[in-house]
Structure formats: C-alpha cells, structure tokens
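To start, the structure itself, in structure tokens.
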Amino acid sequence: MPSTMQTALSHISLASSRLAPSRTLALVFVCGAAALASVGCGSPAKRIETGGPESITTVTQVDDQDIMGATNQMLSSLLELGVLKQTEQKPAVLLIDRITNDTTSDFPIDNLVYAMREQLVNSGQAAVNTTYGANPESKLAQDEAKLDQFETGERVRIKNDFALTGRITEVRRAAGNVRQATFTFRLTLTATSGPRKGLEVWTKQAQFTKQGTKASVGF
Amino acid sequence: MLLTKTSTSRCLGIAFSFAALALPMLVSCGSVNTVSTRTDKATTSIPFHTQVNDALLEIFLKAKDVRLMRTPGGVMKAQVDVANDGFRTRSFGYQFEWMDETGTVVSSQLNNWNQAQVYSGGEVMITAVAPTPECTDFRLKVRENK
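Taken in order, these protein sequences are the chains called Y and D. Quick note on the working numbering: the first sequence kicks off at 1 and runs consecutively. Quick note on the working numbering: the second sequence kicks off at 1001 and runs consecutively.
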C-alpha cells in the first residue's frame, strides 16, 4: 500500500510539473474555490434566543427550554395561587434550601432558581434571605449583620416565612432505537413562621417528556 | 400510452375506491373526538384579534376561544383554546407577552417560549399567568414546529 501511494503521489507531482503555468494557476483557483465551498457548507455560528424555537432539543438531557418551561410553570402556580401574599410581613421572606438534581443530566440548578428569584424579588413579591445559616450566600452581609449586633447589643433576626426545597428526577425508557426521557421538576414551599409553621403550603411539579433517536434543532 | 374508454373508467373507479378507503383512514389516524357539556362561550370570554402570517397555520390551527380572568393571587390568567382541523397531530411553540394598562409590554421570566401538541380534530388549552397584577392584556405568538 505505501509503495502504491508513493507511486500515485509521484505521478501527480510529475503531472503537475509538466503542466503549463496558466493551467497550474487554474488548478490552484479550482482547489481554492473547493476549499472555500467546503468551509461554507458548515453551519456558521450565530446567536439565537435562549430557550427559543431554534434551540437544540436533546432526548436524554435537560435542555434550556426544559428549565425555562419549568420556571414558567412554577412561577405561574405561585402567582396564581397567591401563596406569597398570605404572610403577615410583605414581601414574604424566602430561604433557598436544598434543591437536588437526581438526573444523569448535568445542568446548573441555579438557572431554575435564579430565574424564579429574579421574577419574585425584582417585582417586590418576595425577598430572599441570603445571610442565613453556616454557609450563607453572602458571607459579607452576614458578617456585617453580626458586627451591627455586636456594636448595638441588639439581636436583630430576620423572620423567614418559607423555605424552598426541590428535586429533579428522570425516568428513561427505550423501544429499539427510540429513546424516551421524562424529567420531573418538583418544588415545595414549607412555612417557617405563622400558624402553619413546618407544614408544606405549596408544591408544584412540571414534567417534560422527550422522545426520539437523536438530538435536533427546534422544539 | 393511450387509454381506452373502458380502461379510463376502470382507473377512475380504482382511484375513487382508494380515496374512499384512504380518506377515513387519514381522518381517523390519531384523531380526537371531543364531547363538551357547554355550548355557550364562557362568561369570561373576550373578543380577540388574530394576525396571520403563516397561511398553513391558519388553515389547521385556530384559536377558538380566549378567556381572561383574575386569579386568587391578584394577577390575570389567560386561557386560549387552540383547535387542530388538520389530519395529523401538530406541535407548536407559543409565547405570551403581557402588557400593562398603557399597552407597554412587561418583560418577565414568564415571557419565554413554550411548546404544546394538539391531536388531529382535537383542542388544547394553553394558559398563561401575568407576571404582575398591573398586567391587563396579552398578545400570543404561535409558531408551528417543522
């Protein structure tokens, strides 16, 4: 095989050495055009709307549109039922507790939680306590509160109304080449103050089932 | 190739037979039959305007009824019945955009695209909740999945 290849290559080089300069130029142009055409055949990079109709949909992974769909359903349920309005203090104070990803898909849970926080906090419907516990989201803010407490001698405690917990699970099935995955997002609010302290006051699950043999572009 | 009168009529007969067999099969393939106890529109029904840019979508997917109501949480909730008059199951993406009294679109995490599926001859209800109590109107964008 190597000897045949060498022979073939030598034939080409010999042939090109015998070509007239104008024909060599033409050959270079043709090769260049072919190279450009091959580059142009691929899909060029472009920006698309996150979670929009042109997003990639996979069968066995959690996609952007699944997270956004779950966010939408969770927020809609919270707002529709007015759970956050049933507290004495306004806005209601939330603690973000453990939300676990029990799927085989690797994705940031923060994408779900922060989207909800953005909507609820920025519209004034809830406030999130970021200085609670041994591992607070904002250590500096917690230190500042502790310093104030030390200087004034007054113990100021933020009254938390709800703790948010959750779990994301998946069920996978296959029939021949066709694969199917159902992702279930579950969130729960437990009251941490008031007459229903320690009780679940809201829960919602959002399910997304995807079926196919391979990933595709579009919903 | 020339066709005689007899062969032409025979061909037509075969074509009609095929059509007679195939059409009900097409219609019944995955179709949905719906029974409803209500014949009048809901009291929360509101008039709506549809702007159609995709003629095929207009032929097969139609907004049959639009209802708007205030929820216990104080925000508005929209329900839209989308009917599929076509012969196959249709999948589509939709996006609700909510507006306040002045007509300004209120940007929120609830403005994202969602997906729904409606079987042939069936209806699906798509719903959306307004992000704030100030939102009073909405517009709905529908795009069929290819």
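Quick reminder that beta carbons are idealized off the backbone N, C-alpha and C, glycines included.
At what residues does the alpha helix (DSSP H) containing asparagine 122 of chain Y begin and finish?
Taking the first residue of the first sequence as 1, we reach residue 122 of chain Y at position 122. It spans 110-122 - the alpha helix (DSSP H) in which asparagine 122 of chain Y sits, taken as one unbroken run.
Neighbour list for lysine 1077 of chain D in chain Y, Cβ cutoff strictly below 7 Å: For the purposes of this step, residue 1077 of chain D is taken as the residue at position 77 of the second sequence. Near lysine 1077 of chain D (Cβ distances below 7 Å), the residues of chain Y are Glu80.
List, in chain order, every chain D residue whose beta-carbon is nearer than 9 Å to that of threonine 60 of chain Y. Here residue 60 of chain Y corresponds to residue number 60 of the first sequence, with the count starting at 1. Per Cβ cutoff of 9 Å: no residues; threonine 60 of chain Y is ~18 Å from chain D at best.
Buried or exposed (CB count within 10 angstroms, at least 16 for buried), lysine 1141 of chain D: Indexing the second sequence from 1 puts residue 1141 of chain D at position 141. By the 10 Å Cβ count, lysine 1141 of chain D comes out exposed.
Taking 8 Å as the CB-CB limit, is phenylalanine 162 of chain Y close to chain D? Looking up residue 162 of chain Y in the first sequence gives position 162. So, not an interface residue.
* Cβ-based contacts, 8 Å cut-off: residues of the stretch 1102-1117 of chain D near chain Y -> Ser1108, Gln1109, Leu1110, Asn1112, Trp1113, Asn1114, Gln1115
Quiz prompt | Proximity to valine 59 of chain Y [Cα-Cα], best of Y:Asn177, Y:Gly198, Y:Leu187, Y:Leu189 | solution = Start at 1 with the first residue of the first sequence, and residue 59 of chain Y comes out as number 59. Among Y:Asn177, Y:Gly198, Y:Leu187, Y:Leu189, the Cα nearest to that of valine 59 of chain Y is on Y:Asn177.
- Message: Run through chain D and tell me which residues come within less than 9 Å of leucine 75 of chain Y, C-beta to C-beta.
- Response: Within the first sequence, the letter at position 75 stands for residue 75 of chain Y. Near leucine 75 of chain Y (Cβ distances below 9 Å), the residues of chain D are Ser1108, Gln1109, Leu1110, Val1129, Pro1131.
Tell me whether leucine 199 of chain Y sits in a helix, a strand or coil according to DSSP, three-state version.
As a working note, residue 199 of chain Y is residue 199 in the first sequence. If DSSP states are grouped into helix, strand and coil, leucine 199 of chain Y belongs with coil.
- Query: What's the call for glutamine 211 of chain Y, buried or exposed, on a 16-neighbour Cβ count within 10 Å?
  - Reply: On the first sequence, position 211 is the one that residue 211 of chain Y refers to. Exposed.
Problem - Residues near arginine 1070 of chain D in its chain [Cβ-Cβ closer than 7 Å; skip 5 each side] - result: Start at 1 with the first residue of the second sequence, and residue 1070 of chain D comes out as number 70. Around arginine 1070 of chain D: Met1076.
Could you name the residues of the same chain whose beta carbon sits closer than 7 Å to that of methionine 116 of chain Y, not counting the 5 residues immediately before and after it, in chain order?
-> Counted from its first residue, the first sequence places residue 116 of chain Y at position 116. For methionine 116 of chain Y, where only same-chain residues beyond five positions count, the Cβ hits under 7 Å are Thr71, Met74, Leu75.
For this session: At 3 residues or longer, and completely inside the stretch 125-189 of chain Y: list those beta strand (DSSP E) runs for me, N to C.
Result: 126-128, 162-175
- request: Pick out whichever of Y:Thr184, Y:Phe185, Y:Phe183, Y:Glu200 has its Cα sitting closest to the Cα of alanine 191 of chain Y.
  value: For the purposes of this step, residue 191 of chain Y is identified with residue 191 of the first sequence, where counting begins at 1. The candidate whose alpha carbon is nearest that of alanine 191 of chain Y is Y:Glu200.
By the criterion of Cβ-Cβ separation under 7 Å, what are the contact partners of alanine 115 of chain Y in chain D? Here the question's residue 115 of chain Y lines up with position 115 in the first sequence. What alanine 115 of chain Y touches in chain D: Gln1109.
- Please confirm if the stretch 105-120 of chain Y is in contact with the stretch 146-153 of chain Y, defined as three or more CB-CB distances below 8 Å between the two stretches. no
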